[in-house]
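I have placed the structure first, in the form of structure tokens, so that the comments after it can refer back to it.
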């Protein structure tokens, strides 16, 4: 039943690679933008906060499918320029993830920033030194579970790009089915690959989290 | 006895003995005028205590002195250097000031040793070896040597606050500012912190403390400053306040405090 | 078709979108609650819960839907040939996994003391769970459940990949493919529609949950 695996392995690998790329790109872009959003929400004026609220509500309140189709069909129609399919996908996932990460990051900042920054400054360290030696080490530890969650979520939702013509893992599955018609077997294998990847990654993050855990810091998380 | 001796032996202090000075400092938070034109001089070896009703702005004033909060108006001097001028390297200035927080604010991700070492390495640029030695010495001084490898979450409040004091004194700062160091602690734990402060006082450390620990004030402080509604209302030696304060507000406050203390 | 007709057409998809999400949510409760309590209070068999959660949080919903509808649908046309069933079923299973986590967190949040207190007045373990933990857990988990429900409303859009169900997403794609081949309004309206469905719910559930928490002193 599963003979197709060896025959179509290159496709499977290619699809898997794109899935991983989209996920990683999405998370890192989401991190960068998320930090900006979090800072803006903490220290910005009413206008900035309003914009951020709309941004977050849009990306968290509508399905990723719709966001993707908006980027692929609506935006080019409005702007009258063609968009590169890959870059568009990366951007959409990055912007989407930022909407969620902003919440995590803001939460972490609110918990530790003010008092730890005051403490750091009081010892004569500069803002930058305090950020580097005090704030970020704690923030990273607090945020690991949220990021693990975000990673799993993003990997699963990356499957929608198959429907705008990109060759990710689901896309590979569809192509293979188009040839072998072996629907159940193919999806079982594809599903198993996702499962192994996500579970494995989560396990690694758990181990990292356990090793880096510091008593008292993880109690800060809800 | 020791204090009276000190008062007798005190030589006339000169201007260069002024460690820190606030001149007409103002600070408002929204609607609250926490600091209204407050001026204060602290000379080398002084042990002054600011007390008063909560919410009067004492902590804010202390933070303005330490330049952890920027004053709206007025000047703050560290020695001869004016800190409120633009272009001043505040980090260097703050390195010469030791600050102890009411809520302790230890670096949660570092052990007690790590907490004290961090600034020694990063600010004073000491070698790892030197930083460690000085950190250990400071921790020994406040008698928390048994906690050096523990994380803040694993210590009692009293131990943590003493580590906070060690963190403040390890740099050998010109002055130590303490913002209600015992207020957030359980009553049984305040004793150990007060003992450390007493030791510091004996060694001639320049200290400005915001506190309402009256027994400690009576014993250690050389001058007490009554602070209410954003301004210094009255100053004097402790016996002055405990026997016959001048202002009505100070009288009322002392009555309340003394009644509370004697009831315990 | 003009813009307003498109909007009305999209609105026609709301009942199906809501039905899928509601049913999936209920399935999620039926699965999630027992799983959560088992995980906390019966540790010998809790590995079953772990496995279940891992599976449904580790496989994309799209893959599951495709697998069930086009795969199992070949061998078991009933019920897997029915798009509504497959969508609600898959999302329900996934939601069960998510809700199991939510309730678990709530159980921990309520605290062990409540259980101990319950047993000290004579309740057996499971009676204490039913009478003491259960009501408090419901209150505590309200905010998390709010976002889970919002997630279900959004994920109902996945049913488009198996086709045949005229909910919001399917309708918006349909509008793109028929004259006047409008690619702007269907998706913009659809986005607004989904946001209108998810936002108030999450907002009010959050508020209600936090208020009740304060009232009962959590």
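Protein chains in written order, with our numbering: chain D, 399 to 620; chain G, 988 to 1251; chain Y, 5 to 222.
C-beta atoms are modelled at their ideal positions from N, C-alpha and C, and glycine is treated no differently.
Please read these numbers as outputs of a predicted model, since none were measured by experiment.
Return no unless some Cβ of chain D is closer than 9 Å to the Cβ of residue i.
i, result
"residue 1109 (chain G)", "yes"
"residue 178 (chain Y)", "no"
"residue 99 (chain Y)", "no"
"residue 92 (chain Y)", "no"
"residue 132 (chain Y)", "no"
"residue 153 (chain Y)", "no"
"residue 158 (chain Y)", "yes"
"residue 78 (chain Y)", "yes"
"residue 1068 (chain G)", "no"
"residue 1093 (chain G)", "yes"
"residue 1085 (chain G)", "yes"
Would you verify that the beta carbon of residue i is, or is not, closer than 9 Å to some beta carbon of chain Y?
i, result
"residue 465 (chain D)", "yes"
"residue 575 (chain D)", "yes"
"residue 447 (chain D)", "no"
"residue 554 (chain D)", "yes"
"residue 492 (chain D)", "no"
"residue 571 (chain D)", "yes"
"residue 548 (chain D)", "no"
"residue 418 (chain D)", "no"
Per DSSP, residue i forms a beta bridge with which residues?
i, result
"residue 1010 (chain G)", "G:1062"
"residue 1214 (chain G)", "G:1219"
"residue 1015 (chain G)", "G:1020"
"residue 1085 (chain G)", "G:1163"
"residue 1194 (chain G)", "G:1034 and G:1163"
"residue 1069 (chain G)", "G:1064"
"residue 1029 (chain G)", "G:1007"
Does any residue of chain G have a CB that is nearer than 9 Å to the CB of residue i?
i, result
"residue 620 (chain D)", "Confidence is the limiting factor: at residue 620 (chain D) the pLDDT is only 41, short of 50, which leaves the residue's position unreliable and the question unanswerable from this model."
"residue 510 (chain D)", "yes"
"residue 408 (chain D)", "no"
"residue 519 (chain D)", "yes"
"residue 558 (chain D)", "no"
"residue 516 (chain D)", "yes"
"residue 535 (chain D)", "yes"
"residue 412 (chain D)", "no"
"residue 532 (chain D)", "yes"
Along chain Y, in chain order, which residues have C-beta atoms closer than 9 Å to that of residue i?
i, result
"residue 561 (chain D)", "66, 164 and 165"
In chain D, which residues lie with their C-beta within 7 Å of the C-beta of residue i?
i, result
"residue 75 (chain Y)", "581, 582 and 585"
"residue 1119 (chain G)", "Under the 7 Å cutoff, chain D gives no residues; its nearest Cβ is about 16 Å from residue 1119 (chain G)."
"residue 71 (chain Y)", "582, 585, 586 and 589"
"residue 161 (chain Y)", "461, 463 and 464"
"residue 1138 (chain G)", "612, 613 and 614"
Kindly list, in the order they appear in chain Y, the residues whose Cβ is closer than 8 Å to that of residue i.
i, result
"residue 468 (chain D)", "191, 192 and 195"
"residue 455 (chain D)", "199 and 203"
"residue 403 (chain D)", "Near residue 403 (chain D) there are no residues of chain Y at all, since even the closest Cβ is about 16 Å away, more than 8 Å."
Find the residues of chain D that neighbour residue i, judging by a C-beta separation of less than 8 Å, and give them in chain order.
i, result
"residue 173 (chain Y)", "461, 463 and 464"
"residue 1053 (chain G)", "520"
"residue 59 (chain Y)", "593"
"residue 1090 (chain G)", "513"
"residue 1141 (chain G)", "613 and 614"
In chain G, what lies closer than 9 Å to residue i by C-beta?
i, result
"residue 523 (chain D)", "1078, 1081, 1082, 1105, 1106, 1109 and 1110"
Using a cut-off of 7 Å between C-beta atoms, extract the partners of residue i located in chain Y.
i, result
"residue 592 (chain D)", "62, 63, 64 and 67"
"residue 596 (chain D)", "62"
"residue 471 (chain D)", "180, 187 and 191"
Cβ closer than 9 Å: which chain D residues qualify as neighbours of residue i?
i, result
"residue 1048 (chain G)", "The premise fails here: residue 1048 (chain G) is roughly 15 Å from chain D at the closest Cβ pair, so nothing lies under 9 Å."
By the criterion of Cβ-Cβ separation under 8 Å, what are the contact partners of residue i in chain G?
i, result
"residue 539 (chain D)", "1096"
"residue 499 (chain D)", "In chain order: nothing, as chain G lies at least about 21 Å away."
Using beta carbons (cut-off 9 Å, strictly below), is residue i in contact with chain C?
i, result
"residue 6 (chain Y)", "Looking at the structure shown, chain C is missing, and the protein chains on hand are D, G and Y."
Quick one: complete alpha helix (DSSP H) runs, 4+ long, within the region 148 to 201 of chain Y?
-> Qualifying alpha helix (DSSP H) stretches, in chain order: 172 to 181.
The region 185 to 202 of chain Y: positions lying closer than 7 Å to chain D by Cβ | 187, 188, 191, 192, 194, 195, 198, 199 and 202
Within 7 Å of chain Y by C-beta, residues of the region 473 to 490 of chain D in sequence order | 475 and 476
What are the uninterrupted segments assigned as alpha helix (DSSP H) that are 4 or more residues long and contained completely in the region 482 to 569 of chain D, given in chain order?
-> 483 to 520, 525 to 528 and 534 to 555
Residues of the region 1013 to 1040 of chain G with a CB closer than 9 Å to any CB of chain D: list them in chain order, please.
-> none
If contact means a Cβ-Cβ distance below 8 Å, which residues of the region 1143 to 1161 of chain G contact chain D?
-> 1154, 1155 and 1158
Contained alpha helix (DSSP H) runs [length at least 4] in the region 1109 to 1195 of chain G, N- to C-terminal order | 1115 to 1128, 1144 to 1156 and 1174 to 1189
Mind listing, in chain order, the continuous alpha helix (DSSP H) runs of no fewer than 4 residues lying wholly within the region 7 to 55 of chain Y?
-> 7 to 15 and 18 to 45
Taking only runs that begin and end inside the region 421 to 463 of chain D, name each unbroken beta strand (DSSP E) of 3 or more residues, in chain order.
-> none
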